[in-house]
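Asks: First to last, the sequence lines map onto chains A and B.
Just so we're aligned, residue 55 is where the first sequence starts under the working numbering, counting upward by one.
Just so we're aligned, residue 26 is where the second sequence starts under the working numbering, counting upward by one.
Cβ coordinates follow ideal geometry from the N, Cα and C atoms, glycine included.
Pasting in a structure now, in structure tokens, and then I'll have a few things to ask.
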Amino acid sequence: AQSVTQPDIHITVSEGASLELRCNYSYGATPYLFWYVQSPGQGLQLLLKYFSGDTLVQGIKGFEAEFKRSQSSFNLRKPSVHWSDAAEYFCAVASSGNTPLVFGKGTRLSVIA
Amino acid sequence: KAGVTQTPRYLIKTRGQQVTLSCSPISGHRSVSWYQQTPGQGLQFLFEYFSETQRNKGNFPGRFSGRQFSNSRSEMNVSTLELGDSALYLCASSRIGGSYDEQYFGPGTRLTVT
Numbered sequence: 055a056q057s058v059t060q061p062d063i064h065i066t067v068s069e070g071a072s073l074e075l076r077c078n079y080s081y082g083a084t085p086y087l088f089w090y091v092q093s094p095g096q097g098l099q100l101l102l103k104y105f106s107g108d109t110l111v112q113g114i115k116g117f118e119a120e121f122k123r124s125q126s127s128f129n130l131r132k133p134s135v136h137w138s139d140a141a142e143y144f145c146a147v148a149s150s151g152n153t154p155l156v157f158g159k160g161t162r163l164s165v166i167a
Numbered sequence: 026k027a028g029v030t031q032t033p034r035y036l037i038k039t040r041g042q043q044v045t046l047s048c049s050p051i052s053g054h055r056s057v058s059w060y061q062q063t064p065g066q067g068l069q070f071l072f073e074y075f076s077e078t079q080r081n082k083g084n085f086p087g088r089f090s091g092r093q094f095s096n097s098r099s100e101m102n103v104s105t106l107e108l109g110d111s112a113l114y115l116c117a118s119s120r121i122g123g124s125y126d127e128q129y130f131g132p133g134t135r136l137t138v139t
């Protein structure tokens, strides 16, 4: 069965600094990969997704992620973090078109001035 | 257009009781999925309904059940509540479901079992 690991439970960055959130997955074939963001009291919002093709994926709010098959990783990046980016970020994987998403445990991002 | 709505937003129940949560998907969406979110286990898939049929089911006991109506609204029911059922229950809708289709999440129902 597929699984997702987000090694960092909590990350703190300064406003304006760059950000990288790590995600590693376990699955034999090429999975479908997603990043979601959850603000306090809100549901999840999709930031970006990867199915195939270009391994660098652009998403909303200035986020991007890179799929690296050799490392089984799909890390999320942002060049300059804004205070409004403080939230919890979830990486998710699905093995095929009709299988449910499997989520990582999440990484909480704090942004300091 | 209106987003996914979930009612109630907060709920307090006692052990042994049962509870029903409701989810109204985005207009035109036919797939509804339910997730349980807890600090310890994270986000776990409960089930997915499409056109009133359960299409996928997660690894939860039979106390957790759901249904979908002809207007795509969905309900989930938890019987004989346990303390461990305290969680945020999230509903997500999509047009046809499946991994290709973007899921839109509601704000969740916070269930507390005492």
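Count the other CB atoms, across all protein chains shown, that sit within 10 Å of the CB of H64 of chain A; report buried if there are 16 or more and exposed otherwise.
Replies: H64 of chain A is exposed by the Cβ-count criterion.
Asks: For the candidate residues A:R76, A:S72, A:A71, A:S57, whose alpha-carbon lies nearest to that of Y143 of chain A?
Replies: Nearest of A:R76, A:S72, A:A71, A:S57 to Y143 of chain A, Cα basis: A:R76.
Asks: Which residue marks the beginning of the beta strand (DSSP E) containing N129 of chain A, and which one marks its end?
Replies: Note, N129 of chain A: beta strand (DSSP E), 127-132.
Asks: What residues in its chain sit with their C-beta under 6 angstroms from that of P133 of chain A, if we drop five residues either side in the sequence?
Replies: If we look at P133 of chain A and ignore the five residues flanking it on each side, its Cβ neighbours are S72.
Asks: How many whole angstroms separate the CB atoms of A112 of chain B and Q61 of chain B, which I take to be in contact at a CB cut-off of 8 angstroms?
Replies: With 8 angstroms as the limit, A112 of chain B and Q61 of chain B qualify as a contact, their Cβ atoms being about 5 angstroms apart.
Asks: Taking the continuous beta strand (DSSP E) assigned at E73 of chain B, which residues delimit it?
Replies: Residues 67-75.
Asks: Which one or two residues does DSSP pair with E74 of chain A in a beta bridge?
Replies: BP columns for E74 of chain A point to A:R131.
Asks: Among the residues of its own chain, which have a CB less than 8 angstroms from the CB of S80 of chain A, if the five just before and after it don't count?
Replies: Answer for S80 of chain A: Q56, S57, V58, T59, S126, listed in chain order.
Asks: Once DSSP output is grouped into helix, strand and coil, what is the label at R98 of chain B?
Replies: Reduced to three states, the DSSP call for R98 of chain B is coil.
Asks: Can you name the residues of chain B whose CB is closer than 7 angstroms to the CB of K115 of chain A?
Replies: None at all; the shortest Cβ gap to chain B is about 15 angstroms.
Asks: Whole angstroms is fine: what's the gap from M101 of chain B's alpha carbon to A83 of chain A's?
Replies: Answer to the nearest angstrom: the Cα atoms are 33 angstroms apart.
Asks: Assuming contact is defined by CB atoms lying nearer than 8 angstroms, are F128 of chain A and Y104 of chain A in contact in what I supplied?
Replies: It is a contact, given that the beta carbons lie within the stated cut-off.
Asks: Using the C-alpha atoms, what's the distance from P94 of chain A back to S49 of chain B?
Replies: Using only the alpha carbons, I get a separation of about 21 angstroms.
Asks: With a threshold of 6 angstroms on Cβ separation, who are the neighbours of R131 of chain A within its own chain once the five nearest residues in sequence on each side are excluded?
Replies: Correct list, in chain order: E74, E118.
Asks: On the DSSP letters alone, give me the boundaries of the beta strand (DSSP E) that K103 of chain A sits inside.
Replies: From DSSP, the beta strand (DSSP E) with K103 of chain A extends over 98-104.
Asks: For the beta strand (DSSP E) that contains V57 of chain B, what are its first and last residues?
Replies: Run containing V57 of chain B: 56-63, per the beta strand (DSSP E) assignment.
Asks: Along the chain, where does the beta strand (DSSP E) that runs through E142 of chain A open and close?
Replies: 141-148 is the span of the beta strand (DSSP E), which, as asked, contains E142 of chain A.
Asks: Find out if the Cβ-Cβ distance for the pair Q66 of chain B, T105 of chain B is shorter than 8 angstroms.
Replies: Their beta carbons are not under 8 angstroms apart, which means Q66 of chain B does not touch T105 of chain B by this criterion.
Asks: For N81 of chain B, which residues from the same chain have a beta carbon less than 7 angstroms from its beta carbon, with the 5 sequence-adjacent residues on both sides left out?
Replies: Closer than 7 angstroms at Cβ, skipping near neighbours: F72, E73.
Asks: With a 10 Å radius around its C-beta and 16 neighbouring C-beta atoms as the bar for buried, classify W59 of chain B as buried or exposed.
Replies: Per the 10 Å Cβ criterion, buried.
Asks: What are the residues in the stretch 80-99 of chain B lying within 8 angstroms of chain A by C-beta distance?
Replies: Under the 8 angstroms Cβ criterion, the stretch 80-99 of chain B contributes R80, N81, G83.
Asks: Mind listing the chain B neighbours of Y143 of chain A? Cutoff is C-beta to C-beta under 8 angstroms, in chain order.
Replies: Ordered by position in chain B, no residue passes the 8 angstroms Cβ test against Y143 of chain A, which lies about 12 angstroms from the chain.
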